[in-house]
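Enquirer:
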Amino acid sequence: MDQKLEVFLLLLFSPTLVIALSDNQDFLGLKSFEWNNTPPNWDGSNPCGDNWKIIKHEFGRDLSYNKDLTGSLPESIGALKKLTNFFSGQIPAEIGSLKKLVFLSLNSNRFGGVIPPSIGNLSELYWLDLADNNIGGPIPVSNDSSPGLDMLHHCKHFHFGKNKLAGPIPDQLFSSDMKLIHVLFESNELSGSIPSTLGLVQTLEVVRLDDNKLSGDVPTNFNNLTQLTELFLSNNKLSGHFPNLTGMDALHSLDISNNSFDPSDFPLWYSTFESLTTLVMEDTGLQGQVPVELFSLPNLESVILKNNLLNGTLDLGNSYSSHLWLIDLQSNSITDFKNSDEVNNVNITLARNPICDETTGTIQSYCSILVPQSSGSYVTAKNCLSGTCNAGQTSSPNCQCAYPYTGTLVFRAPSFSDLGNPTYYKELEKNLMSFFQNATLPVDSISLSNPTKDQFKYLEIQLEVFPHDRDRFNRTEITDIGFALSNQTYKPPSKIFGPFFFIADKYENFADSGIEVPTNSKSLSIGIIIGAVAGGSVLLLLLLLAGVYALRQKRRAERATELSHPFGQWDPKSSSGSIPQLKGARWFSFEELKKYTNNFSTTNAIGSGGYGKVYRGNLPTGELIAIKRAQKESMQGGLEFKNEIELLSRVHHKNLVSLMGFCFEHGEQMLIYEYVPNGTLKDSLSGKSGIKLDWMRRLKVALGTARGLSYLHELANPPIIHRDIKSTNVLLDDHLNAKVSDFGLSKLMMGNDEKDHVTTQVKGTMGYLDPEYYMTQQLTEKSDVYSFGVLMLELITARKPIERGKYVVREVRLAMDRTKELYNLQSLIDSSIGLGTRLNGFDKFVDLAMRCVAESGVDRPTMSEVVKEIETIMQLAGLNPNADSASNSASYEESTKPSSFDPYSEAAFEHSGSFPSSKIEPH
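If you use mature numbering (1 follows the signal peptide of the UniProt record, and there is no 0), the sequence shown corresponds to residues -20 to -1, 1 to 903, in order.
#1: Once the 5 residues before and after Arg596 are set aside, which same chain residues still bring their CB inside 6 Å of it?
#2: Determine whether the beta carbon atoms of Asn635 and Gly684 lie at a separation below 7 Å.
#3: Less than 8 Å between the CB atoms is what I'm expecting for Phe436 and Ser167, so what's the real figure, rounded?
#4: Give me the residue from Pro841, Ala682, Met796 with the minimum Cα distance to Leu775.
#5: For Leu184, which residues of its own chain have a beta-carbon under 7 Å away from its beta-carbon, when the five flanking residues on both sides are left out?
#6: By a C-beta neighbour count over all protein chains shown, 10 Å radius and 16 as the cutoff for buried, is Val710 buried or exposed?
#7: Check whether the stretch 410 to 430 and the stretch 468 to 482 touch, using three or more Cβ-Cβ pairs below 8 Å as the test.
#8: Measure how close the beta-carbons of Gln380 and Phe446 come, nearest whole angstrom, since I'm counting them as under 8 Å.
#9: Going by DSSP in three states, Cys381 sits in which element: helix, strand or coil?
#10: Under three-state DSSP, which class holds Asp308?
#11: Excluding sequence positions up to five away, which residues of its chain have a Cβ less than 6 Å from the Cβ of Met854?
#12: Buried or exposed, going by whether 16 or more other CB atoms sit within 10 Å of the CB of Leu604?
#13: Counting C-beta neighbours from all protein chains within 10 Å, is the total for Leu248 16 or more, i.e. buried, or is it exposed?
#14: DSSP puts Gly592 in a beta bridge; with which residues?
#15: Identify which residue in Lys217, Asn658, Lys433 has its Cα closest to the Cα of Asn717.
#16: If I measure Cβ to Cβ from Phe154 and keep anything under 7 Å in the same chain, skipping five residues before and after, which residues do I get?
#17: By a C-beta neighbour count over all protein chains shown, 10 Å radius and 16 as the cutoff for buried, is Ala588 buried or exposed?
#18: Which partner residues of Pro96 appear in the DSSP bridge assignment?
#19: Taking the C-alpha atoms as reference points, what is the distance between Tyr383 and Ala361?
#20: Apart from the five residues just before and just after Ala491, which ones in its own chain have a Cβ nearer than 6 Å to its Cβ?
#21: To the nearest angstrom, how far is the alpha carbon of Leu189 from that of Cys643?
#22: Thinking C-alpha only, which one of Asp337, Lys608, Pro352, Ile314 is nearest Val326?
#23: In terms of residue numbering, what span does the beta strand (DSSP E) encompassing Leu771 cover?
#24: Closest to Leu749 by CA distance: which of Thr799, Asp704, Gln758 is it?
#25: Taking the beta carbon of Ser811 as the centre, do at least 16 other beta carbons fall within 10 Å, making it buried, or is it exposed?
#26: May I have the straight-line CA-CA distance separating Ala230 from Thr258, to the nearest angstrom?
#27: For the beta strand (DSSP E) that contains Tyr653, what are its first and last residues?
#28: Helix, strand or coil: which one does DSSP assign to Ser346?
#29: Using the three-state DSSP reduction, which class does Pro148 fall into: helix, strand or coil?
#30: Residues in its own chain within less than 8 Å of Ser276 by CB, not counting five upstream and five downstream?
#31: Just tell me which of Asn291, Asn430, Leu306 has its CA closest to the CA of Asn312.
#32: If you measure between the beta carbons of Leu628 and Phe568, is that distance less than 7 Å?
#33: Along the beta strand (DSSP E) that carries Cys336, what are the first and last residues, could you check?
#34: Should Arg840 be labelled buried (16 or more other beta-carbon atoms within 10 Å of its own) or exposed?
#35: In chain order, what residues of the same chain lie with their CB nearer than 6 Å to the CB of Pro118, ignoring the 5 residues before and after it?
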């Protein structure tokens, strides 16, 4: 095999290579792997020996999901005749020789090429997962001279999503003899019609064919799939009669949006779907009236029917589902809403319907554009009052300080849409703990947090697993837990969460018992050891002297080269593009930053996020710096890294965080900022920082943020659109002056062609995202203005933009009454703002915020106009717009706690090139 593809194998997280090594041939096959960066308990040349703690003759452990263990996958893998489970590696045709293989998962790598037809020889295969790679070409099926995937009659899982598979789905691929329960082909380039043979596989529970180029009719025999719970056919070119799904009563989620079906009245088959939670039929040619009976389905949570021909009266009836939280009927022909005054706790949007031509009344409150929910605020509840833990430790739900094993559970087809409903997560917690206890794993408790849906409709949940009766796990325990989560030994509540995989974080705080000293080493003769040391010391000393001299000369040469060309190792073929163009940012060496951070010690770690970790550093001058260090060898953050270097090195303003330099060396990507001691605006509004923001200070924060944005829009050359304005990206300095941060998503407006707008993929954060930008994908400076308007409302309310399905813009709009004191917003105003004092200028501040969040960008002010109006408001409040924030309140010293506050929290440095977190970037 000429080309070698590096594999990333996560030893500490998930079991993927379970080997029964029973003969010499197996041993030779395993020896042929070119392992690099092996873990400390792989000792010696014999992988079957006692010193290789992960691989045994009778029982093996995990070799996947380890970013530090690398090597190429050789053709001689075919020598491992007794291999039963394998996850990571290239896909040579020789893999078809592994006749005992039951578990083949190569997901979430960068593998290319085609699917080897020889996989069809794996007659005992149960699980086949090739998802999230760059695999192209056709789906192989058997013929007279070659095997194919249609021969896998015992396989239950076909996971091929997020690849580049092309051509038709062969009719031959499926048959009534197959036992498949999951068929996942989402986000490929498949064309042609959906094979009717798929309807013969009556064991199916989940089918995802969305985001392809499939055409033609939906097979009429689909209603034979009576066990199907999730069906995704959206974003294709399907046509013909509207699908007949009569009898598919087990469905929980149905999404057939954005196809080209013939116009049709609302189908009647939904009436027996009592398990249905999510119905998405956007742009499907539906016409007529929405039946009132639809909303009474007992488990219904969300109904998305926008961009159709629906008309008449919207009537929810008197017994609509208690779980219902979203009805999206944008861009239809609805003329009336029968029970609009009686509906509670349901987000309804009728924007771009004739009914919204009215300008007053309750109806108008339903005419805002809503951005679909993509995240929830759930965190596992604690069973006690937690205290303070040591640096690096986390308090468990039982309030025990420990080093948890962490990672992300990714569910590929969840059945529910209400991410704010805690019921589902509590059931998952109970299910996980029951599993760990039954498996006799040393787990005290688990914590779930930050449920988020990405653009592929995957649900991501952060998991923390805490050890029992001590503060850390050993290596064997981590491997056992990873084995259970990654090898599908653990099964979540399948009707709710569906197929999943687990991506673990690196675990670094092992208990001493995890690294064992080989038994035979204890019996070595002390005399032999002393003799060997004495005999080799002279030779070693000579070699060291020669080596040190050569190394110094080499480092001097390398240092000179790096200083003159710091991006010598930049890969222009990666997603980050061409070499960053610098405008004066300083280059820091890796060794310098190690020194400034005490070798990146945990005591200097001051935050973490999706991009990596943040460390506090001390320059030789005594100046503090903040160092954002990307996860090494991670594909995430490359574009953000380049963006921030290029943008922040060219802009300088007191209300923008300053980039002091960067490091691009030894595979590291690090950005060095000024140290901003009082953290994020979000942490101050939430009370986390201990800083109290009264009305005066909030006005000053609003002004500083607005000035920073105005500079980007109108004084930077070329202009810059930030694209991710939110309270976690506004930092507060020692005088509580606002500094806009995180330019990873920012966009330059280059040339005359982009004078008014630039068409680009939608990126940003839910709740702050401009609905017009979301709908049109046309980015303008007014998109930042919208986000700033949401930030202004957050300054007033201290609420998240979207909280339990309620959108702060809509809540303020509904409650506003300009004839009453404080515009009738007392119930929404944050009590910490100082309600007992006079809030001078409050009404003008609210008016300005609501103009900023106008539905159409042309109705929003520019940021320079916003600056002028806030300056006027501050003068009405008796403030000098040019004074430092700290001087605006006499209680500053009493109310701030900079010494105990973590200013660079996860939220402060959370990047959003793609999901997880509450970011969006549609496919």
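Using N, Cα and C, we set each Cβ at its ideal position, and we do this for glycine too.
It should be emphasised that the depicted structure is a prediction, and the values quoted were computed from it without experimental measurement.
Expert: For this structure:
#1: Only residues of its own chain outside the window of five on either side were considered, and among them Asn584, Ile586 have a CB closer than 6 Å to the CB of Arg596, listed in chain order.
#2: With a cutoff of 7 Å on beta-carbon distance, Asn635 and Gly684 are scored as near each other.
#3: That belief holds up - the Cβ atoms of Phe436 and Ser167 are roughly 6 Å apart, short of 8 Å.
#4: Nearest neighbour of Leu775 by Cα position, chosen from Pro841, Ala682, Met796, turns out to be Ala682.
#5: Counting only residues of its own chain and dropping the five nearest sequence neighbours on each side, Leu184 has a CB closer than 7 Å to the CB of Leu160, Ile161, Val163, Leu205, Gln207, Leu208.
#6: Buried, by the Cβ-count rule.
#7: Yes, the stretch 410 to 430 touches the stretch 468 to 482.
#8: With a contact defined as Cβ atoms closer than 8 Å, Gln380 and Phe446 qualify at about 7 Å.
#9: If DSSP states are grouped into helix, strand and coil, Cys381 belongs with the strands.
#10: Strand, per DSSP.
#11: The answer, listed in chain order, is Leu679, Pro861.
#12: Leu604 comes out exposed.
#13: Looking at its Cβ environment, which holds fewer than 16 other Cβ atoms inside 10 Å, Leu248 is exposed.
#14: Among the bridge pairs identified by DSSP, Gly592 is matched with Ala610.
#15: Ranking the options by Cα distance to Asn717, first place goes to Asn658.
#16: Pro175, Thr177, Leu178, Leu180, Val181.
#17: This sequence places Ser at residue 588; Ala is not what is there. Answer is buried; the Cβ neighbour count reaches 16.
#18: Beta-bridge pairing links Pro96 to no other residue.
#19: For Tyr383 and Ala361, the gap between their C-alpha atoms comes out near 18 Å.
#20: So the list reads Arg452, Asn454, once near-sequence residues are dropped.
#21: Roughly 43 Å separates the two Cα atoms.
#22: Check the Cα spacing between Val326 and each of Asp337, Lys608, Pro352, Ile314: the tightest is with Pro352.
#23: Taken as a continuous stretch (DSSP letters only), Leu771 belongs to no beta strand (DSSP E), being part of the alpha helix (DSSP H) at 761 to 777.
#24: When only C-alpha atoms are compared, the closest one is Asp704.
#25: Ser811 counts as exposed, since fewer than 16 other beta carbons sit within 10 angstroms of its beta carbon.
#26: Going by the C-alpha atoms only, they are around 12 Å apart.
#27: 648 to 654 is the span of the beta strand (DSSP E), which, as asked, contains Tyr653.
#28: What sits at residue 346 in the sequence shown is Tyr, not Ser. Under the three-state reduction of DSSP output, Tyr346 falls in the helix class.
#29: Strand.
#30: Within the same chain, Ser276 has close Cβ partners Gly297, Ser299, Tyr300, Ser301.
#31: When each option's Cα is compared against that of Asn312, the closest is Asn291.
#32: No; because the gap between Cβ atoms is not below 7 Å, this pair is not in contact.
#33: Segment: none, Cys336 is in no beta strand (DSSP E) and carries neither H nor E.
#34: Around the Cβ of Arg840, a 10 Å sphere holds 16 or more other Cβ atoms; the residue is buried.
#35: Its chain contains Gly147 as the residues whose beta carbon lies nearer than 6 Å to that of Pro118, once the 5 sequence neighbours on both sides are disregarded; these appear in chain order.
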